[in-house]
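Heads up: the structure comes next, in structure tokens.
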Amino acid sequence: MVQPPPNVTIIGAGIGGLAAALRLSHAGLRVTVLERAATPGGKMRTLPTPAGPVDAGPTVLTMKPVFDDLFAAVGVRLQDHVTLEPEHVLARHFWPDGAQLDLTADRQESGENIAAVFGAKSALEFETFAIKMQKLFDAFDKPMMQTAVPTQAALIGHVMKNPSLILAMQPHLNMAQSVHRHFSDPRLAQLFARYATYVGSVPNKAPSILGLIAHSEAQGVWRVKGGMHKLAVAIEKLAVKFGAEFRYNTHAERIETQNDCVCAVQTRDGRIPTDAVLFNGDPRALAQGHLGQTPITAVPNDATEPRSLSANVLSFAARAHGLPLSAHNVLFADDPRAEYAPLIKGQTQTDPTLYICAEDRFGGSNPSDLERFEIIMNAPAVPDGTTHSTKERQQCQTQILDRLRSFGLTFTPQPTDQTLTMPADFAQMFPASNGSLYGRSPHGMMAAFKRPTARTALKGLYLVGGGVHPGAGVPMATLCARHAAGAIMQDLTLTSTSRQADMRGGMSTV
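Laid out in structure tokens, this is it:
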């Protein structure tokens, strides 16, 4: 009698869980995805506005080859399932002194823009910095991001074979120190130091090597037509085609074991026997007992602590007045050397830098009617059980709007505090996360080796998502899914290469 393929239960339908479900179902495994929300996407979420749904999480796609690879792995093309539109202006930057700078997908053009605003010396510094970050990105892509279980020994060996990397890495400097050595103009140092926040860090705590994030963006930024949520829906549909089952509004309560191996997941609707569990939530939730007592020791404590940053996010529709916005905009703090100090202490910033996504301005559009906005202000993670009072919400909303007004930007109608998502709200959406949006903090040179990898100490339990190696962000979580799916298939000794047919329960004979 032919043995049925193994069962894999995935808890969470964020991008990591979705990508893993697609890979595993295409490989022929029986996949069940449990999601406590009503829709797929996790942090790739949308909120309703009078102008239509607005992205309230990630807004663009970077590192496109990662997604090309995901779709190609199941025999299809990315462009046949989502419409991607390249964005020429990566971001428009505004400073309190009136300076304004566009960085674009054309590095030469970006250098010319820098020369026009900051002078020829700054343009040369930018070119030197861009070359160095490209070198670091290319050098560490394979031994770190593309590797399922990176080790310090392997990395040291790689660096020893390429000794010029030591100078480029500047291991004795943090990111703030590094960029200030690269750029004589403090405003450009402020701009490139800010990339630390893309992974939930602050510049004067992040290792200098994180400057390579700038290169990942410089490689290209794509808008997903209809919003990032469309990517989640497209992956879900493909996974369903290959046999995956998605159960929404379903809360996983407990992971069960037998003979020290995962055997089932208990939900409020019943028990699901399984051969493996892939957890697409914050790994800290396991240590905090959110899935029962057995998985508590599956992940070491230092793999989830300390926590990365959270955010205050306004998502709304309005008419904008007073500032020539692009699709992506950054309004910088007055004092680049002091703006992050409150965050390090777990406090609200008093002089924040703000990010604004004007979602309807992609491709250079300039709407005259209501348009959709997402505005982000960095915030510290919060203790478990934190709530935000109405007064705190109103104070946060007022602070953001006052900051925008200082640049001459106003909105009609003015967004209310009801359009605001704060750290405690994120903590409620993503249990045991402390509202942290990026998992473990990337502070310190060795932080990359502290993150958990796909396999855990509990046999049959695996991890995927932004809190897992190779790190936070949509591309990194998608890479993580490749690592996790590979580990599961290897450990379940999957020998059949036949994939499931379009109808669940049948097997393809092709």
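First residue of the sequence shown? That's 261 in my numbering, and the numbers climb one at a time after it. Think of the CB as a built atom: it goes at the ideal place given N, C-alpha and C, for glycine as much as any other residue.
For Val-439, the three-state secondary structure derived from DSSP is helix.
Of Arg-514, Gly-727 and Pro-431, the smallest CA-CA separation from Pro-712 is found for Gly-727. Sequence-distant Cβ neighbours of Arg-632 in its own chain, meaning closer than 7 angstroms and more than five residues away, are Thr-309, Ala-311, Gly-312, Val-314, Ala-577, Glu-619 and Asp-620. Linking Arg-352 to Ala-456 through their CA atoms gives a straight-line distance of about 18 angstroms. Its chain contains Pro-543, Arg-700, Lys-710, Arg-711 and Pro-712 as the residues whose beta carbon lies nearer than 7 angstroms to that of Ala-563, once the 5 sequence neighbours on both sides are disregarded; these appear in chain order. Contact between Asp-535 and Leu-752 holds: CB atoms are separated by about 6 angstroms, below the 8 angstroms threshold.
For Glu-631, the enclosing beta strand (DSSP E) begins and ends at 631-639. The shortest CA-to-CA distance from Thr-343 to any of Lys-324, Phe-452 and Pro-691 is the one to Lys-324. A direct Cα-Cα distance of roughly 22 angstroms separates Asp-357 from Val-349. Taking C-alpha positions only, Val-377 is separated from Met-420 by approximately 40 angstroms. Ranking Ala-717, Tyr-458, Leu-498 and Glu-477 by CA distance to the CA of Asn-561 puts Ala-717 first. The continuous beta strand (DSSP E) containing Thr-672 extends over residues 670-672. Judged by beta-carbon spacing, Leu-739 lies beyond the 9 angstroms limit of Thr-527, meaning their Cβ atoms are not closer than that value.
Between Tyr-615 and Val-642, the C-beta spacing is not below 9 angstroms. Bridge partners of Ala-332 according to DSSP: none are assigned. For secondary structure counted as the alpha helix (DSSP H) over 4 or more consecutive residues, the segment 440-499 holds these complete runs in sequence order: 446-453 and 473-478. Ranked by how close their Cα comes to the Cα of Gly-624, the residues Pro-346, Ile-271 and Arg-305 have Pro-346 in first place. Membership of Asp-751 in any beta strand (DSSP E) is not indicated; the residue belongs instead to the alpha helix (DSSP H) covering 734-751.
Around the beta carbon of Asn-434, a 10 Å sphere encloses 16 or more other beta carbons of the protein chains shown; the residue is thus reported as buried.
Judged by DSSP in its simplified three-state form, Ala-578 adopts strand. The distance from the Cβ of Pro-265 to that of Gly-288 is about 5 angstroms, consistent with a contact at the 8 angstroms cut-off. Taking all protein chains in view, the Cβ of Gln-609 is crowded by 16 or more other Cβ atoms within 10 Å, so the residue is classified as buried. Excluding five sequence positions before and after Ala-692, the CB atoms of its chain that fall closer than 6 angstroms to its own CB belong to Asp-542, Arg-544, Ala-545, Gln-548 and His-550, given in chain order. Below 8 angstroms, too few C-beta pairs join the segment 511-526 and the segment 482-489 to call them touching: fewer than three. As the crow flies, the alpha-carbon of Met-749 is around 43 angstroms from that of Thr-679. For Ala-684, the enclosing alpha helix (DSSP H) covers residues 683-689. Secondary structure note for Glu-599: it is in no alpha helix (DSSP H), with a DSSP letter that is neither H nor E.
Gly-720 and Arg-507 have their C-alpha atoms spaced approximately 21 angstroms apart.
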